[in-house]
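A.B. asks:
There are 2 protein chains.
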Amino acid sequence: MAYQHPESKRAFKNQLYEQLARIGKALASPHRLELLDLLAQSERSVEELARETTLPVATVSQHLQILHAARLVDVRRRGRQRRYRLASGEVVRLWLALRRTGEAHLAELEHLVSTWLPERRHWPALSIDAALELLQSGRALLLDVRPRDEYASAHLPQARSLPVAELAAHLSELPRDCEIIAYCRGPYCVFADEAVALLRAHGFRAWRLEVGVPEWQERGLPIIQAQAAERSVL
Amino acid sequence: MAYQHPESKRAFKNQLYEQLARIGKALASPHRLELLDLLAQSERSVEELARETTLPVATVSQHLQILHAARLVDVRRRGRQRRYRLASGEVVRLWLALRRTGEAHLAELEHLVSTWLPERRHWPALSIDAALELLQSGRALLLDVRPRDEYASAHLPQARSLPVAELAAHLSELPRDCEIIAYCRGPYCVFADEAVALLRAHGFRAWRLEVGVPEWQERGLPIIQAQAAERSVL
DNA sequence: CAATCATTCAATTATTCTATTGAATATCAA
DNA sequence: TTGATATTCAATAGAATAATTGAATGATTG
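Protein sequences, first through last, are from chains A and B.
With the UniProt record's numbering applied, the first sequence corresponds to residues 1 to 234, in that order.
With the UniProt record's numbering applied, the second sequence corresponds to residues 1 to 234, in that order.
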């Protein structure tokens, strides 16, 4: 019979929400959110994550273990490294949902962007739809300006890899007779802003795509992913 | 120009993730998750929430203020009550994403359900699609077995309100020549389980719908909502 | 087998969070 | 204005969390 005493219902609910709060607790630190954000681009070693976040390696390791205990990330060995990655697309959706909730309700976020990225006022970012239209009509070139290993892990169809650090050295290879669309990790990454600024300073018609790979994929659009062999071998 | 010094990039990121962690921290307590789950059904007063969660009123009030500081909930006055509700549909999506992440990765959740709701093995729950098919062909009656005020706040199209507590008294009004589909707050609510058990014990052909109103709405399906006047008047 | 490298562990301290209690405030009704 | 009701506030003690440091582990390379 399904009838239960009120006290036992309470015990069930307590255990239920306690389990779910394991995930909530894992999301309760700015450093861990940054780690999730980075891992949404590609798997990484502890050391790589420490370098990108400017945190001590031991601190990153401990945060990763908290994320792992909440089952938000997986680990595998590769040589003497341990490479961490998000446990699944569910985790990407959770992170994006958290970020969108912030964008919807935290006025401070807008303020941060307008303070630190004031040049975004000059040129509007391209939406996914606007970019798709330009690309499908052949009037634009798509640049992935993230580091090469992130491109290798997953990138948008038709995208060419040209990390922003190498952009200045390759300007002569870029076309002047079409639009150039640059994308990076997502709306809070500055790589594409920097690329667009450099390109425009040299007379190119450049635009920033307002999303990155995770948002593109969440929209149900196809991406080019590294083979499973490269991602999970041994 | 968009070029920034590495240190100032770091300062921007620190502030960015610190803001987003306000939301993560709000999700870090089992009690607050239960409050969000309840508010996903309908707005409620502090006292109502305290009664449902069996927590002291002052404790609930403090948790609500934490949720409010993270902008996950809104308040309005109604008489001498303050009625809290989720700030927007984004918050619903965030909560559902967190819950789904738990379902995907926390084995303990499955274990909890099989321990506390063992009767779920007997009769499979109806998916949204299965329910839609039955309902559209007229071969089923849809019962909302939640408390009446939650039905009033929002319910599925075609649903009749019959709270599980009143079900036993109204059995004679229910049809025996079609399927009966009962739904409640969602997959972890037991109202529909109880309703199905009672109905089957009396010979009805009853089924539990595996989702509630929030999941139905997230799927993009229509719901019947209380008028704005009822929801937000003075 | 020793050396190196990447990562984790363990112990400490400082900080933040949580629940509880009783008092304070604010609103409505008589 | 008084009393009742709903909620918040303030103070506290206990618990959990975070960052730091240096040592320990474990796999790979020479």
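Cβ atoms here follow ideal geometry from the backbone N, Cα and C, with glycine treated the same way.
All figures in this text were calculated on a predicted structure; none of them were measured in a lab.
Could you pull out every unbroken beta strand (DSSP E) segment of at least 3 residues lying fully inside the UniProt domain "Rhodanese" (136-225) of chain B, listed in chain order?
C.D. replies: Counting only runs of 3 or more, we get 140-144, 179-183, 206-208.
A.B. asks: Report the option in B/V60, B/L27, B/S137 whose CA atom is closest to the CA atom of A/L94.
C.D. replies: Here residue 94 of chain A refers to the residue found at position 94 of the first sequence. It is B/L27.
A.B. asks: Grouping DSSP H, G and I as helix and E and B as strand, with all else coil, what is residue 246 of chain A?
C.D. replies: With chain A represented from 1 up to 234, any question about residue 246 of chain A goes unanswered, as that position is not in the structure.
A.B. asks: Going by Cα to Cα distance, which pick from B/L135, B/E43, B/Q217 is closest to B/V75?
C.D. replies: Working through the second sequence from its first residue, we reach residue 75 of chain B at position 75. The shortest C-alpha separation from B/V75 is found at B/E43.
A.B. asks: Starting from the beta carbon of A/A91, find every residue of chain B whose beta carbon is closer than 7 Å, and list them in chain order.
C.D. replies: Locating residue 91 of chain A in the first sequence gives position 91, where the first residue counts as 1. Reading off the sequence shown, one finds Val at residue 91 of chain A, where the question assumed Ala. Here the neighbours are T101.
A.B. asks: Any idea what DSSP makes of A/R85, helix, strand or coil?
C.D. replies: Stepping through the first sequence from its first residue, residue 85 of chain A is reached at position 85. A/R85 falls in the strand class under three-state DSSP.
A.B. asks: Tell me which same chain residues have a C-beta within less than 6 Å of the C-beta of A/H68, skipping the five on either side of it?
C.D. replies: Here residue 68 of chain A corresponds to residue number 68 of the first sequence, with the count starting at 1. Cβ neighbours of A/H68 beyond the five flanking positions: none.
A.B. asks: Between which two residues does the beta strand (DSSP E) containing B/R80 stretch?
C.D. replies: One-based indexing of the second sequence puts residue 80 of chain B at position 80. No beta strand (DSSP E) holds B/R80; DSSP gives it neither H nor E.
A.B. asks: Do A/I181 and A/L134 have their C-beta atoms within less than 8 Å of each other?
C.D. replies: Residue mapping note: residue 181 of chain A aligns to position 181 of the first sequence, counting from 1. Residue mapping note: residue 134 of chain A aligns to position 134 of the first sequence, counting from 1. Yes.
A.B. asks: Might you give, ordered along the chain, the residues of its own chain that have their beta carbon closer than 7 Å to the beta carbon of A/A50, omitting 5 neighbours on each side?
C.D. replies: As a working mapping, residue 50 of chain A is identified with position 50 in the first sequence. The answer, listed in chain order, is P56, V57, V60.
A.B. asks: Could you confirm whether any beta carbon from chain B is found closer than 8 Å to the beta carbon of A/T54?
C.D. replies: Residue mapping note: residue 54 of chain A aligns to position 54 of the first sequence, counting from 1. True, the Cβ-Cβ gap to chain B drops below 8 Å.
A.B. asks: Are the beta-carbon atoms belonging to B/L156 and B/V213 less than 8 Å from one another?
C.D. replies: As a working note, residue 156 of chain B is residue 156 in the second sequence. As a working note, residue 213 of chain B is residue 213 in the second sequence. Closer than 8 Å, so yes.
A.B. asks: Within 10 angstroms of its Cβ, does B/G102 collect 16 or more other Cβ (buried), or is it exposed?
C.D. replies: Along the second sequence, one-based indexing puts residue 102 of chain B at 102. The residue in question, B/G102, is buried, as its Cβ has 16 or more Cβ neighbours within 10 Å.
A.B. asks: Would you call the stretch 172-188 of chain A in contact with the stretch 196-214 of chain A, where contact means no fewer than 3 C-beta pairs closer than 8 Å?
C.D. replies: Taking 8 Å as the limit for Cβ pairs, the verdict is that the stretch 196-214 of chain A does touch the stretch 172-188 of chain A.
A.B. asks: Which residues in the same chain as A/H170 place their Cβ atom closer than 8 Å to its Cβ, once the five residues preceding and following it in sequence are excluded?
C.D. replies: For the purposes of this step, residue 170 of chain A is taken as the residue at position 170 of the first sequence. Closer than 8 Å at the Cβ level, and outside the excluded window around A/H170, lie L162.
A.B. asks: Based on DSSP bridge pairs, tell me the residues matched to B/V92.
C.D. replies: Translated into positions along the second sequence, residue 92 of chain B becomes position 92. DSSP lists no partner for B/V92.
A.B. asks: Which residues in the same chain have their Cβ closer than 6 Å to the Cβ of A/Q217, if we skip the five residues on either side of it in sequence?
C.D. replies: Walking along the first sequence from the start, residue 217 of chain A turns up at place 217. Taken in chain order, the residues that qualify are I223.
A.B. asks: Could you please give the first and the last residue of the uninterrupted alpha helix (DSSP H) stretch that includes A/E43?
C.D. replies: Indexing the first sequence from 1 puts residue 43 of chain A at position 43. A/E43 -> no alpha helix (DSSP H), and no H or E assigned at all.
A.B. asks: With 8 Å set as the bound, which would you pick, yes or no: does the beta-carbon of A/W123 sit closer than that to a beta-carbon of chain B?
C.D. replies: The residue given as residue 123 of chain A occupies position 123 in the first sequence. No - not a single Cβ of chain B is within 8 Å of the one on A/W123.
A.B. asks: Between A/A97 and the rest of its own chain, which residues show a CB-CB distance below 8 Å, the 5 nearest in sequence each way excluded?
C.D. replies: As a working note, residue 97 of chain A is residue 97 in the first sequence. Contacts found: none.
A.B. asks: Do B/L33 and A/L72 have their C-beta atoms closer together than 8 Å?
C.D. replies: Counting from one through the second sequence, the residue named residue 33 of chain B turns up at place 33. Counting from one through the first sequence, the residue named residue 72 of chain A turns up at place 72. No, the Cβ-Cβ distance between B/L33 and A/L72 is not below 8 Å.
A.B. asks: Pick helix, strand or coil for A/L106, following the three-state DSSP scheme.
C.D. replies: Locating residue 106 of chain A in the first sequence gives position 106, counting from the first residue. Coil at A/L106, not helix or strand.
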